[in-house]
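Asker: Following this note's numbering, the numbering of the sequence shown begins with 1 at its first residue and continues without gaps.
Ideal Cβ placement from N, Cα and C applies to all residues, glycine included.
It should be emphasised that the depicted structure is a prediction, and the values quoted were computed from it without experimental measurement.
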Amino acid sequence: MGDFIGRERELNTLSAALDGVRAEIGTTRPGRCLILRGRRRIGKSALVEEFIDRHRVPNVFHTSEIGFGTEPLTEFTDAVRGSSLPDADIFADAIPGNWTAAFRQLASILPENQPSVVVLDELPYLMDPAGAFESVLQRAWDRELSRKPVLLILIGSDLAMMQALTSYGRPFHQRGTEMRLGPLNPADVAAMTGLAPAAAFDATLVTGGLPIIAARWNTGEDVQAFLSRELADPVSPLVVSAQLSLAAEFPDQTQARQVLAAIGSGERTFTNIARAAGGIAHSTLSRATELLTDKGIVAAELPISLTPSKERRYRITDPYLRFWLTFLGPHLAELDRMRPDLTLERIHRGWTSWRGRAVEPLIRESLARLLPVHGIPAVPAIGGYWTRSNDIEIDIVGADREPVAHELTFLGSIKWLENSPFDNHDLTALQRHRHRVTDDPVPLIAVTRSGATTDHLDAVFTPADLLEAWQPRDNRTR
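(1) Within the chosen definition, does the stretch 301-312 reach the stretch 399-410 through at least 3 CB pairs nearer than 8 Å?
(2) Which residues in the same chain as residue 81 place their Cβ atom closer than 6 Å to its Cβ, once the five residues preceding and following it in sequence are excluded?
(3) Taking only heavy atoms of the ligand NAD into account, decide whether any of them is closer than 7 Å to the Cβ of residue 296.
(4) Could you check the C-alpha separation between residue 494 and residue 365 for me, to the nearest Å?
(5) Could you check whether residue 396 and residue 384 sit closer than 8 Å to each other, using their CB atoms as the reference points?
(6) Applying the criterion that 16 or more other CB atoms from any shown protein chain within 10 Å of the CB defines a buried residue, is residue 433 buried or exposed?
(7) Can you look up residue 9 in the DSSP assignment and give me helix, strand or coil?
(8) Under three-state DSSP, which class holds residue 481?
(9) Does the beta-carbon distance from residue 449 to residue 468 come in below 8 Å?
(10) Taking C-alpha atoms, which residue in 281, 261, 300 lies nearest to residue 326?
(11) Across the stretch 420-433 and the stretch 333-340, are there enough close Cβ pairs to call them in contact, namely three or more that are closer than 8 Å?
(12) By Cβ distance, which residues of its chain are closer than 7 Å to residue 102, with the 5 residues on each side in sequence left out?
(13) I'd like to confirm the pairing. Which residues does DSSP put opposite residue 315 in its beta bridges?
(14) Would you report the Cα separation of residue 253 and residue 247, rounded to the nearest angstrom?
(15) Please classify residue 27 as buried or exposed, where buried requires at least 16 other C-beta atoms within 10 Å of its C-beta.
(16) Can you list the beta strand (DSSP E) stretches of 3 or more residues lying completely in the stretch 181-238, in chain order?
(17) Could you tell me whether the Cβ atoms of residue 62 and residue 79 are closer together than 8 Å?
(18) Looking only at its own chain, which residues have a Cβ that is under 7 Å from the Cβ of residue 3, when we skip the five neighbours before and after it?
(19) With a threshold of 8 Å on Cβ separation, who are the neighbours of residue 318 within its own chain once the five nearest residues in sequence on each side are excluded?
(20) Going by the beta-carbon positions, is the gap between residue 269 and residue 313 smaller than 8 Å?
(21) What are the start and end residues of the alpha helix (DSSP H) that includes residue 91?
(22) I need the boundaries of the beta strand (DSSP E) containing residue 60, first residue and last residue.
(23) When you compare only the Cα positions, how much space is there between residue 217 and residue 155?
(24) Please report the straight-line C-alpha distance between residue 465 and residue 50, rounded to a whole angstrom.
(25) If you drop the 5 nearest sequence neighbours on each side, which residues of the same chain put their C-beta closer than 8 Å to that of residue 9?
(26) Let's test the definition: count the other Cβ atoms within 10 Å of the Cβ of residue 441 and tell me whether it reaches 16, buried, or not, exposed.
(27) Could you check the C-alpha separation between residue 109 and residue 20 for me, to the nearest Å?
(28) Could you give the DSSP three-state label for residue 422: helix, strand or coil?
(29) Identify the residues that DSSP records as bridge partners of residue 415: which are they?
(30) From the DSSP secondary-structure annotation, give me the bridge partner or partners of residue 305.
(31) Out of curiosity, what's the CA-to-CA distance linking residue 68 and residue 244?
(32) Measure from the alpha carbon of residue 360 to the alpha carbon of each residue in 193, 201, 13, 132, then state which is nearest.
(33) Which whole-angstrom value is the C-beta distance of residue 401 and residue 372, which I expect to be below 8 Å?
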């Protein structure tokens with residue numbers, strides 16, 4: 001159960017879908033379809049397996065594979081034959097010759113008087129540009145499968161292809177309910193690792209909330225101890241997960257990976273990314289950044305302000321991938337020759353600076369979940385503000401909309417340092433920046449790892465406050 005800390009909401013969603021199937025037994029179309037998508041190694045398959053284990057209904061779980069030389073239909077037939085579905089041995093006696101026959105044969109053995117579950121994992125491996133498999137699946141669902149009390153779960157890691165599956169004009173449009181599985185949040189990581197709030201945010205930044213990595217964190221262990229142990233193992237999930245994901249996501253797109261590496265190294269502007277990626281043409285860079293943003297790996301952000309800005313900045317959305325691209329990816333040769341000490345020293349030197357920037361999006365999202373509190377209202381948009389020269393940089397901007405706001409609601413600064421509280425010097429700098437972006441006396445807030453020594457802020461938020469934002473509302477202390 002360790003892998004499922006914080007997954008109760010998702011398990012409840014799956015359970016509700018199964019209950020919906022059970023409630024419709026005896027009607028003409030009791031079947032339901034749920035489409036589960038999320039990044040690789042986020043725990044989608046494990047979540048569904050846990051759900052099936054808890055409910056113990058007849059089921060078949062088929063995982064598509066690529067590159068192993070086995071015919072997908074044969075794999076599916078073998079999965080059904082070895083499943084807990086009644087009369088599954090029919091697939092041993094009569095092997096279907098195509099997917100249409102396979103789905104028809106599957107429908108014939110699904111129970112009539114109790115719910116069952118059919119899982120097609122890594123569905124994008126079965127999909128093709130012409131949409132042929134989708135058409136077969138759609139016809140099978142409409143004509144046979146949905147007429148049985150079955151919960152069909154379609155799982156995929158390729159976010160773009162899974163989105164395309166249900167888009168308008170595609171065969172499976174409006175036939176399934178979409179569900180997206182994200183990483184473990186900071187409260188989940190805190191529960192899994194036994195860490196205090198500030199340290200739990202550190203662990204979230206390193207692991208990205210990936211269960212396969214977070215599960216290896218010993219209770220109460222600090223970042224240094226965790227990294228020392230994991231980097232000594234060259235096949236640790238911390239080391240290899242990003243490699244596996246990138247190889248699967250971009251098998252033939254070298255330029256996209258170069259651009260991703262440039263952003264991961266800390267470059268944020270279009271011009272600097274182009275330079276760091278080897279001076280690639282702007283048209284090539286535009287295509288690569290569009291691909292990366294479409295896949296959700298990179299975010300392209302504009303400052304929130306009262307006037308339009310073209311100062312777009314790029315960042316890696318996954319904290320773990322950001323950590324890996326900064327500290328591990330460029331130096332894997334060190335780990336291969338058993339010199340994790342060199343990598344650890346590099347992380348130690350760059351940790352404070354890297355963490356200060358990497359934690360900003362997580363803090364903004366935490367505030368969006370936490371507000372209203374301490375007299376600071378909830379707002380539709382929380383972002384940052386910057387100029388091309390960086391002479392003004394405001395970590396937190398709350399507004400009525402983004403990127404061009406009608407009204408700024410609050411401004412704030414993040415100081416995420418050990419043993420260095422937010423003081424009057426920091427407040428003066430924030431006040432000076434406020435005067436550059438608005439004439440209104442909008443409230444000023446601070447998010448600080450080590451507290452505040454000034455009394456002239458409208459609100460102060462600590463790691464404990466931010467962690468509470470990720471707790472289920474019924475469990476919050478306020």
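Answerer: Judging by the given coordinates:
(1) Judged by Cβ distances under 8 Å, the stretch 301-312 makes contact with the stretch 399-410, as three or more pairs qualify.
(2) The residues are 88, 91, 92.
(3) Ligands are entirely absent from the displayed structure, and the ligand NAD is therefore not among its contents.
(4) Given that the chain is displayed from residue 1 to residue 478, the structure contains no residue 494 and the question cannot be resolved.
(5) For residue 384 and residue 396, yes; Cβs fall inside 8 Å.
(6) Under a 10 Å Cβ-count criterion, residue 433 is classified as buried, with 16 or more other Cβ atoms of the shown protein chains found around its own Cβ.
(7) Under the three-state reduction of DSSP, residue 9 is assigned to helix.
(8) The question about residue 481 has no answer here: the residues shown for the chain are numbered 1 through 478.
(9) Contact flag unset, no.
(10) If we check each option's Cα against that of residue 326, 261 comes out closest.
(11) Segments in contact, no.
(12) Counting only Cβ-Cβ distances below 7 Å, and skipping sequence neighbours, we find 73, 76, 77, 96.
(13) Note: residue 315 sits in a beta bridge opposite 299.
(14) So the alpha carbons of these two residues sit roughly 10 Å apart.
(15) When all chains shown are included, residue 27 counts as exposed.
(16) Correct list: empty.
(17) In this structure, residue 79 lies closer than 8 Å to residue 62 by Cβ.
(18) Per-residue confidence for residue 3 stands at a pLDDT of 48, beneath the threshold of 50, marking its modelled position as unreliable; the derived number appears in the next sentence. For residue 3, the CB contacts under 7 Å within the same chain, skipping 5 residues up- and downstream, are 43, 46, 211, 215 in chain order.
(19) Excluding residues up to 5 positions away in sequence, 39, 183, 208, 297 lie with their Cβ nearer than 8 Å to the Cβ of residue 318 in the same chain.
(20) A contact, by the Cβ cut-off of 8 Å.
(21) Per DSSP, the continuous alpha helix (DSSP H) segment holding residue 91 begins and ends at 90-93.
(22) Residue 60 -> beta strand (DSSP E) spans 59-63.
(23) Inter-residue distance for residue 217 and residue 155 is about 27 Å (C-alpha atoms, whole angstroms).
(24) Taking the Cα positions, residue 465 is about 31 Å away from residue 50.
(25) The answer, listed in chain order, is 472.
(26) Residue environment analysis places residue 441 among the exposed positions, since fewer than 16 neighbouring C-beta atoms fall within 10 angstroms of its C-beta.
(27) Separation of residue 109 and residue 20 (C-alpha to C-alpha, rounded to the nearest whole angstrom) is 21 Å.
(28) The answer is strand: DSSP assigns residue 422 an E or B state.
(29) Assignment of beta-bridge partners to residue 415 by DSSP yields 448.
(30) Beta-bridge pairing links residue 305 to 404.
(31) Residue confidence for residue 68 is low, a pLDDT of 49 falling below 50, so the modelled location carries little weight; the figure read from the coordinates is stated next. Rounded to whole angstroms, the gap between the alpha carbons of residue 68 and residue 244 is 16 Å.
(32) When only C-alpha atoms are compared, the closest one is 201.
(33) Actually they are not in contact, since the Cβ atoms of residue 401 and residue 372 sit about 18 Å apart, beyond 8 Å.
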